[in-house]
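Chains as they are written, first to last, in the working numbering: chain A, 1 to 444; chain B, 1 to 221.
Using N, Cα and C, we set each Cβ at its ideal position, and we do this for glycine too.
These numbers come from a predicted model, not from an experiment.
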Amino acid sequence: MILFRKPISVKRALMTLLLPACISLMVTAWFIHGLLLERMSQEFLESRLKDEVAFLEHHIRQANGQIDRIQTGDYFEKVFHHPFAIQSPTQTIISPQSWHPLLSPLLKFDQQDSIQTHTVGPDNASFNILIYRKSFIINDMPITLIVSEDMRALQNSQTELHTWTAIVSILLILLLAGVIWVGITLSMRPVVSLQTALKKLQSGEISRINVQTPEEFQPLVQQLNQVLDSLDQRLERSREALANLSHSIKTPIAAVRQVLEDTNRPLDNNLRHEMGSRLGDIDRQLEAEMRRSRFAGPQLGKSAGPVKQARDLLWMLGRLYPEKSFELSTSLTEESRWPIEEHDLNEILGNLLDNAGKWATECIELSLEQHNDLAQITVTDDGAGVAESERIHLGQRGLRLDEQTPGHGLGLAIVHQIVARYGGQVFFSSGSKGGLKVLIEISI
Amino acid sequence: MRLLLVEDDRLLADGLASQLEKAGFSVDITRTAREAMILGVQEDYKAGVLDLGLPDGNGLDVLRKWRINKATFPVLILTARGDWQDKVNGLKAGADDYLAKPFQTEELIARLNAIVRRSEGRVQLSVSAGGFELDENRQCLKDPNGTEHSLTGTEFRLLRCLMSRPGHIFSKEHLMEQLYNLNENPNENIIEAYVRRLRKLVGVETITTRRGQGYLFNDTV
């Protein structure tokens, strides 16, 4: 049931978690892609420019610094496609001619070998160029070389590529969202069928949930069916019990009422006594039925803290029998729990201790132990004890071995009943000081 | 002997009152929790009989109110529900005994006499040390936070002994006299086990071990 009580649906939770995660991952990937792309192309360009500078330098060295000798028409333009400028003290060559206004100012800087980006051109149409400059000396002649690259084309294609990546990313996100949605819907289908089954259950169309569910929901469905089973059983039991009860108490009520309504009949002592015993019957029936309804028996999700309950009961009985000492000996901690319904455990401990309190002369000891899966409750008193031949009668309802001790004689019978529900056993023996020792073993 | 009877069923209350008067009590009857709270605190009763199911409140709340206001007369509670937890709750709230309805009037009178006798000459006795308060009548320990812990007989006697003289060293032999154990020959291990349990309630440092000498209650912690 927890699944349906959650404020948001699983579907919505998954969507709200997965979609933003997807989108942010894609956006990050796109950004990183952009950065890498830019770095890569820059490095590539730089290395190309360096190569070309080296090539030019080689040629100039071969020509012994006679730079006019390497100006061989459009040879370099064909090989390089890159504008370049060569400056010696006597001569400046800029190829192609159209780059003259752009490169000639750059030659004037006297920085040494460097790679720089410059913004050039007229103000309204300025653009970036990458230049590589190198200065060296041949035959005492200082020569400066500049090779440059127009970044416009590169930037354009880079932007185009990046835009396409963005478009593809968006498409991928949409596709992914679709896949996630389909995945969630598909895997949630059993839940929907479970939901409809529950609705049917509520409206009474079915009495048990009988749908195919994935592994994760199997225990849930099993639990639900178990709860339904036990609810049915309990309803049946309580109806039966109520019917029995009303049957057995209506008769005495009718009898008493009849006597009271008959104004001619004198209410003598005999009649009073008779009516009193009828009311006593009603009380006994009610009490018995109450007790029966109180025993829960082993139940899922129910457990009791034996030490805490025992302490409370021992303390209470110590107040009721102030001249007797109620002791606890246990190796369990306050936190230990036994899978016994709280009320049932109270009933076991309370009845045993109350009995022992009635019989003891001075001291009653309760011991709680657990050996592996076996819970052991021992109650020992230092009273007169019970003869071995009479012990088999202990716990048989309505039997009072000593009429002088007040009590219903019900206590041990109740303990027997509850212990039997848990599949446990009750043993009687003699205590070390002659009293009665009751040992209860319940496997947990 | 003045007795306060808190019971909302008129028939039962009147019948009980006349029987109790025959037994020598002078009975005041009240049918509501509100009136019971006021009467119990104002008047000087020797005993009280309190029904738990009242039309305008829970009998246990009445009882708690009485005890908070130092009305210490013994109280017997009447309840229609006789399960153990109800009884524990009743006694924890400050009752001296309980009786499940329906009951025999003779038994009620016998029990009333018993709790009155028990309470006679009883004064509000408590031992305090180091922020802890040990209530002798109710056999429970109130820690500095105001939480009450119920004690078993031996735990109470040991703690009372230790708390009666904080800082004094009690030998194991001396403490052993406080044991009434079923065990034929109680040994020193039992004392150690009880001290361990008490330390869980009051803290490890509060009960100090003096090796070879014994134990002491340290109220300066």
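Identification of chain A residues near D14 of chain B by a Cβ-Cβ cut-off of 8 Å yields none; the smallest Cβ-Cβ distance measures about 17 Å. Residues of the stretch 310–326 of chain A whose Cβ lies closer than 7 Å to any Cβ of chain B, in chain order: R311, D312, L313, L314, W315, M316, G318, R319, L320, P322, S325, F326.
A contact is defined here as three or more CB-CB pairs under 8 Å, and the stretch 317–324 of chain A fails this definition with respect to the stretch 58–70 of chain B. In the assembly as shown, W164 of chain A is an exposed residue. Its beta-carbon has fewer than 16 other beta-carbons within 10 Å.
The way I'd put it, the stretch 73–85 of chain B doesn't touch the stretch 427–439 of chain A; fewer than three beta-carbon pairs between them come closer than 8 Å.
Under the Cβ criterion (8 Å, minimum of three pairs), the stretch 328–343 of chain A counts as touching the stretch 298–312 of chain A. Taking the beta carbon of E369 of chain A as reference, no residue of chain B falls within 9 Å; the closest one sits roughly 14 Å away. Taking the CA atoms as reference points, T220 of chain B sits about 29 Å from K70 of chain B. Interface with chain A (7 Å Cβ-Cβ cutoff): L52 of chain B is excluded. Not one beta carbon of chain A lies nearer than 7 Å to the beta carbon of L175 of chain B. In the DSSP assignment, V6 of chain B is bridged to B:T30, B:L50. Within the same chain, and ignoring the five residues on either side of A33 of chain B in sequence, the residues whose Cβ sits closer than 6 Å to its Cβ are L54, D56, G57, V62. In the structure shown, P190 of chain A adopts helical secondary structure according to DSSP, grouped into three states.
Under the 7 Å criterion on CB atoms, G153 of chain B is classed as interfacial with respect to chain A.
In the structure shown, Y422 of chain A falls within a coil segment according to DSSP collapsed to helix, strand and coil. The stretch 185–197 of chain B makes contact with the stretch 147–159 of chain B: 3 or more CB pairs, one atom from each, lie closer than 8 Å.
Rounded to whole angstroms, the separation of the alpha carbons of Q19 of chain B and E106 of chain B is 9 Å. Residue-level contact by beta carbon fails for Y194 of chain B and chain A, as no gap is shorter than 7 Å. Your pair A241 of chain A and C22 of chain A does not check out as a contact, with CB atoms roughly 60 Å apart and the cut at 8 Å. Secondary structure at V386 of chain A: coil, using DSSP grouped into helix, strand and coil.
Between S88 of chain A and I143 of chain A, the C-beta spacing is below 7 Å. In the three-state scheme derived from DSSP, where H, G and I count as helix and E and B as strand, D44 of chain B is classed as coil. Contact between I377 of chain A and I444 of chain A does not hold, since the beta-carbon distance rounds to 11 Å and is not under 8 Å. Per the C-alpha coordinates, the member of B:T209, B:V202, B:L201, B:E177 positioned closest to E192 of chain B is B:T209. Collapsing the DSSP output to three states places I184 of chain A in a helix. A direct Cα-to-Cα measurement between L112 of chain B and A47 of chain B gives close to 8 Å. With respect to the 7 Å criterion, S169 of chain A and W30 of chain A are classified as neighbours on the basis of their beta carbons. Closest in alpha carbon position to I414 of chain A, among A:E334, A:Q299, A:R291, is A:R291. When CB distances to chain B are screened at a threshold of 7 Å, the residues of the stretch 356–380 of chain A falling below it are E362, C363, E365, T380, in chain order. Taking the CA atoms as reference points, L216 of chain B sits about 18 Å from D143 of chain B.
Around D283 of chain A, the beta-carbon contacts reaching into chain B at under 7 Å are P102.
Taking CB atoms only, V75 of chain B has no neighbour in chain A less than 7 Å away.
Between the alpha carbons of I94 of chain A and Q155 of chain A lies a gap of roughly 24 Å. Chain-order list of chain B residues neighbouring N346 of chain A: D83, W84, Q85, V88, by C-beta distance under 9 Å. Short of 8 Å from the beta carbon of D96 of chain B, and not among the five residues preceding or following it, lie these beta carbons of its own chain, in chain order: P74, V75, L76, I115, R118, S119. Rounded to whole angstroms, the gap between the alpha carbons of L36 of chain A and S157 of chain A is 15 Å.
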